[in-house]
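Visitor:
Here it is, written out as structure tokens:
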């Protein structure tokens, strides 16, 4: 037995011990490891062991839809849309950090929390959104596989069914630890984007200019707004909320390790945005000045284009990146769906169970995969448009997922002393409002094509600023009047976990809150319909 | 009877496979075909090997009952009819009857030797003292191989291990004439954990049947429930009324009851909690205020803490009289009037100690304790460092004891969760 007073160093050996250790791909934290980390080496090793949920979630962003969207942004608008990407880092970090806190403090999955704090109706709506999106996302992953292997001459009708079968088999027989380690291999392959960028010779000045100066080549119109929403939707996808929370619960990351998990999340966001910007730069610099500029059709055509313009190696690397992205995306989204299913319907229906025990889940999952593959195989399907449409859909549904997240993170019964600080609430509200504003712009310009997007955006922007200013004043006044909550000691905070009592019964909403939620939902349903209309118009 | 390979020698009695008779011709004494054998009937009762009651035969398109006195021979490949008349009334099941092929073949049976589920791939009959009886069941894969191979080859496949019928019990809930039940006393011979394993390995209907069979003994039912994994617990409580669920939860240990309530449907949690008997309700509510991944969430609120001036005899008496679960009574704690816990002593050492000695002398001082908000890791480490199978949970001032964490609860939490439980097959699966 170890001496109780000796700090135990975290081991970096991949150990097969099957206790409740936190098993990361790069290391293991023993379950009984409670000592504080004194040295930077110890801290770094701990970080390596904890690293996983944040990184995987972020890299899962660069799935087939992501690669296609970033490539489209570069091919159609050059480097002028680069500024959207660094703006997404705070959005990503804010969202995922809230999810990290929820997962670590409650020990319960996202879908279950929504179900139990907001009731079955809203739970079903949220999970329903997620399933729809995940189903379509898996379709885009299959599109990616088909296009990527198509570059090497493999027919779509061969690669997609094989990929579908492989996906079903992999999830039915997989083990979590093995899967997580595989993911890190795929993440490493992602870094092929660097040699790809080098091959395309982007100009550094133009790169920086695009990063810093907001604007759009050809001006803002509804198509470019659609693409911006798609970029947001592909980077900050709703499935990440469900996935990271359940992943954290599965890995038994407790509040003790929250700061490491936050670092993991931040690192993941930065890497994701970095890879995305490189992709955008590649297509921008390759196609600017060529007849292919502004004529994005689908990712396969991008690979071909790169092959012609830059060189065969370039096209091949892009195809490999696309294939890799599709695999990562398919695996992450699949697992996220499983987690959400298990949360929403009880743990009997998830990847925790074998085929025999969870027949309904595996049946539904297989049906989903087969249907998604079927959509992709329809002859003359507009694959690029489907991809953009799905990402935009994600962007439109994102505000609702974020609203639930915000409400949960302000719920004192659920998070106790870990609830959002006021400044974080303010930032999150700003983010959600901007997203809502963008979808409102898209909606309006779809219905009334003659409305000028720029003036509309300006008007809405002013409205938004007024609302913010008013809201800010109200909030400051409310805080002055409210009784000061007693400060909570760090010790208590570190040990606070959500008790099951919090979930015993559903809290009752005020009438105002109920009305606001319904209004938001109705708005979103209308926005999705408008999006469909727009997509059909473009197609 | 000619010794053909389908009638294998098992000891000294030839055994007949059911599949060599089902679907074969029913012949009259002259060898002419009358019809086809559809099924065999038994009336299970107290005997270890139930005798055949008759044959269901399809004659001229009807299913008819042929009693055993009109069956001359049972041979592989044909069944001989004797007598002059055939009862033309269509076959109807009578209460207490089982059809071998329809009700039993290829279904699960409980093997009481070892508490396992087996599949009746083949049913073995034997002629004992002039009566055909069902003597056993072959759960191995050989009967399937035998059937798949063409005639000549099939007969050469050796029989597998036969399980004696006296050691097994079939599931009968799917039988329309529902007078049959799994006899409770046979199940009661198994350990509750084994029964729970059977329930987990069985399908939902079969599990329901087992739970209903143990339902005669509320204590045993509660024990089996406690041993089930959470998913199955929820599955079986879902279909019960609030009052019934409260009754089961009332007889479970409070920490198990608290865990189970948290897993139920949200709408049912408060009603069922409200129906629990008062002391149990109080304990469960207090346990629900701790996160399940902390020591507070693991602990049991029942324990024995006696003044250190008590004698060993008084302590043993207190153990005998206590209603707390046995695993929490493995260690007795001693305290002083102002509340602090001063020592601990195991039940074994109490039995071995001098009966008149005060606890302050025999108890071990410096009790390793945990706090309610410690997470799993810290709790497990403390208990393993100090070899404590029962660890007291103290409040922040180290004054009041809130409960105890027992090693059996901790064991369960050490199993890895995650995508697939790597050691997941239960003991009851072959």
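Chains as they are written, first to last, in our numbering: chain A, 1 to 539; chain B, 1001 to 1430.
Virtual Cβ for every residue (Gly too), placed ideally from N, Cα, C.
(1) Between which residues of its own chain and residue 168/A is the CB-CB distance below 6 Å, once the five residues before and five after are set aside?
(2) Which residue comes first and which comes last in the beta strand (DSSP E) that contains residue 1402/B?
(3) Does the pairing of the stretch 58-70 of chain A with the stretch 296-304 of chain A give three or more beta-carbon distances under 8 Å?
(4) State the start and end residues of the unbroken alpha helix (DSSP H) segment that holds residue 374/A.
(5) For the stretch 38-56 of chain A against the stretch 119-127 of chain A, are there 3 or more C-beta pairs whose distance is under 8 Å?
(6) Would you say residue 51/A faces chain B, with C-beta separation under 9 Å as the test?
(7) Mind listing, in chain order, the continuous alpha helix (DSSP H) runs of no fewer than 4 residues lying wholly within the stretch 115-180 of chain A?
(8) If you drop the 5 nearest sequence neighbours on each side, which residues of the same chain put their C-beta closer than 6 Å to that of residue 217/A?
(9) How big is the Cα-Cα spacing for residue 1216/B and residue 1184/B?
(10) Whose CA, out of 86/A, 145/A, 59/A and 538/A, lies closest to the CA of residue 318/A?
(11) Using only the alpha-carbon positions, how far apart do residue 110/A and residue 246/A sit?
(12) Using a Cβ cut-off of 8 Å, pull out every chain B residue sitting near residue 501/A, in sequence order please.
(13) Indicate whether residue 1272/B and residue 1246/B have their beta-carbon atoms separated by less than 9 Å.
(14) Give me, in chain order, the residues of the same chain whose beta-carbon lies closer than 7 Å to that of residue 1102/B; leave out the 5 immediate sequence neighbours on both sides.
(15) Tell me whether residue 1311/B sits in a helix, a strand or coil according to DSSP, three-state version.
(16) Give the range of the beta strand (DSSP E) segment to which residue 1075/B is assigned.
(17) Measure the alpha-carbon distance for residue 1405/B versus residue 1380/B and round it to whole angstroms.
(18) For the candidate residues 394/A, 141/A and 452/A, whose alpha-carbon lies nearest to that of residue 326/A?
(19) If you count every other CB in all the chains shown that lies within 10 Å of the CB of residue 1290/B, and 16 or more means buried, which is it?
(20) Residue 498/A touches chain B at which residues, Cβ-Cβ below 8 Å?
(21) Against chain A, with Cβ distances strictly below 9 Å, would residue 1375/B count as a contact?
(22) Return the chain-ordered ranges of every beta strand (DSSP E) run that is complete within the stretch 1104-1156 of chain B and spans a minimum of 3 residues.
(23) Which one of 1055/B, 1243/B, 1220/B and 1249/B has the shortest CA to CA distance from residue 1233/B?
(24) Tell me which same chain residues have a C-beta within less than 7 Å of the C-beta of residue 106/A, skipping the five on either side of it?
(25) Rounded to whole angstroms, what is the Cα-Cα separation between residue 333/A and residue 138/A?
(26) Taking the straight line between their C-alpha atoms, what separation do you get for residue 1413/B and residue 1377/B?
(27) Only counting the same chain, and skipping five residues up and downstream in sequence, which positions put a Cβ closer than 7 Å to that of residue 1037/B?
(28) What does the alpha-carbon distance come out to for the pair residue 221/A and residue 240/A?
(29) Taking residue 495/A as the query, report the chain B residues whose CB atoms sit under 7 Å from its CB, ordered along the chain.
(30) Spell out whether any CB of chain B is found under 9 Å from the CB atom of residue 254/A.
(31) Taking only three categories from DSSP, how would you classify residue 1044/B?
(32) Three-state secondary structure (DSSP) at residue 1192/B?
(33) 9 Å is my cut-off, CB to CB: does residue 1266/B come that close to chain A?
(34) Output, in chain order, the set of chain B residues within a Cβ distance shorter than 7 Å of residue 181/A.
(35) Is it true that the stretch 149-161 of chain A meets the stretch 370-388 of chain A, where meeting means three or more beta-carbon pairs spaced less than 8 Å apart?
(36) Taking 8 Å as the cut-off, does the stretch 1267-1283 of chain B touch the stretch 1353-1370 of chain B (at least 3 CB pairs, one atom from each stretch)?
Guide: Quick answer:
(1) Along the first chain, one-based indexing puts residue 168/A at 168. Excluding positions up to five away in sequence, the list reads 366 and 369.
(2) By one-based count along the second chain, residue 1402/B stands at place 402. Element bounds for residue 1402/B: 1401-1406.
(3) yes
(4) In the first chain, residue 374/A corresponds to position 374, counting from 1. Residue 374/A -> alpha helix (DSSP H) spans 359-377.
(5) no
(6) One-based indexing of the first chain puts residue 51/A at position 51. Output row for residue 51/A: interface = no.
(7) 120-151 and 156-173
(8) Taking the first chain and counting its residues from 1, one reaches residue 217/A at position 217. Hits under 6 Å: 77, 78 and 80.
(9) Your numbering for residue 1216/B matches position 216 in the second chain. Your numbering for residue 1184/B matches position 184 in the second chain. Distance between the alpha carbons of residue 1216/B and residue 1184/B is about 7 Å.
(10) Locating residue 318/A in the first chain gives position 318, where the first residue counts as 1. Out of 86/A, 145/A, 59/A and 538/A, 145/A has the C-alpha closest to the C-alpha of residue 318/A.
(11) Translated into positions along the first chain, residue 110/A becomes position 110. Translated into positions along the first chain, residue 246/A becomes position 246. Taking the straight line from one Cα to the other gives about 7 Å.
(12) In the first chain, residue 501/A corresponds to position 501, counting from 1. The answer, in chain order, is 1285, 1288 and 1289.
(13) Within the second chain, numbered from 1, the residue matching residue 1272/B stands at position 272. Within the second chain, numbered from 1, the residue matching residue 1246/B stands at position 246. Yes, these two residues count as a Cβ contact at 9 Å.
(14) By one-based count along the second chain, residue 1102/B stands at place 102. So the list reads 1039, once near-sequence residues are dropped.
(15) As a working note, residue 1311/B is residue 311 in the second chain. If DSSP states are grouped into helix, strand and coil, residue 1311/B belongs with the strands.
(16) Mapped onto the second chain, residue 1075/B falls at position 75. Element bounds for residue 1075/B: 1071-1075.
(17) Taking the second chain and counting its residues from 1, the one referred to as residue 1405/B is at position 405. Taking the second chain and counting its residues from 1, the one referred to as residue 1380/B is at position 380. Roughly 10 Å between the two C-alpha positions.
(18) Working through the first chain from its first residue, we reach residue 326/A at position 326. Measuring from the Cα of residue 326/A, the nearest candidate turns out to be 141/A.
(19) For the purposes of this step, residue 1290/B is taken as the residue at position 290 of the second chain. Residue 1290/B comes out buried.
(20) To locate residue 498/A, count along the first chain from 1; it is residue 498. Simply 1291.
(21) Position 375 of the second chain holds residue 1375/B. Judged by the 9 Å Cβ criterion, residue 1375/B is in contact with chain A.
(22) 1108-1111, 1116-1119, 1122-1128 and 1131-1138
(23) As a working note, residue 1233/B is residue 233 in the second chain. When only C-alpha atoms are compared, the closest one is 1249/B.
(24) As a position in the first chain, residue 106/A is number 106, starting the count at 1. Counting only Cβ-Cβ distances below 7 Å, and skipping sequence neighbours, we find 113, 414 and 498.
(25) Mapped onto the first chain, residue 333/A falls at position 333. Mapped onto the first chain, residue 138/A falls at position 138. Roughly 7 Å between the two C-alpha positions.
(26) Within the second chain, numbered from 1, the residue matching residue 1413/B stands at position 413. Within the second chain, numbered from 1, the residue matching residue 1377/B stands at position 377. Rounded to the nearest angstrom, the two C-alpha atoms are 10 Å apart.
(27) Residue 1037/B sits at position 37 when you count from the first residue of the second chain. Once the five neighbours on either side are set aside, the close Cβ partners of residue 1037/B are 1021, 1022, 1023, 1024, 1026, 1055, 1057 and 1079.
(28) Stepping through the first chain from its first residue, residue 221/A is reached at position 221. Stepping through the first chain from its first residue, residue 240/A is reached at position 240. Those two C-alpha atoms are separated by around 29 Å.
(29) As a working note, residue 495/A is residue 495 in the first chain. Within chain B, the residues near residue 495/A are 1373.
(30) Here residue 254/A refers to the residue found at position 254 of the first chain. Taking Cβ atoms only, chain B reaches closer than 9 Å to residue 254/A, which makes this a yes.
(31) Here residue 1044/B refers to the residue found at position 44 of the second chain. If DSSP states are grouped into helix, strand and coil, residue 1044/B belongs with coil.
(32) Taking the second chain and counting its residues from 1, one reaches residue 1192/B at position 192. Residue 1192/B: helix per DSSP, three-state reduction.
(33) Position 266 of the second chain holds residue 1266/B. Yes, because at least one Cβ of chain A sits closer than 9 Å to the Cβ of residue 1266/B.
(34) By 1-based counting over the first chain, the position of residue 181/A is 181. Under the 7 Å cutoff, chain B gives no residues; its nearest Cβ is about 13 Å from residue 181/A.
(35) yes
(36) no
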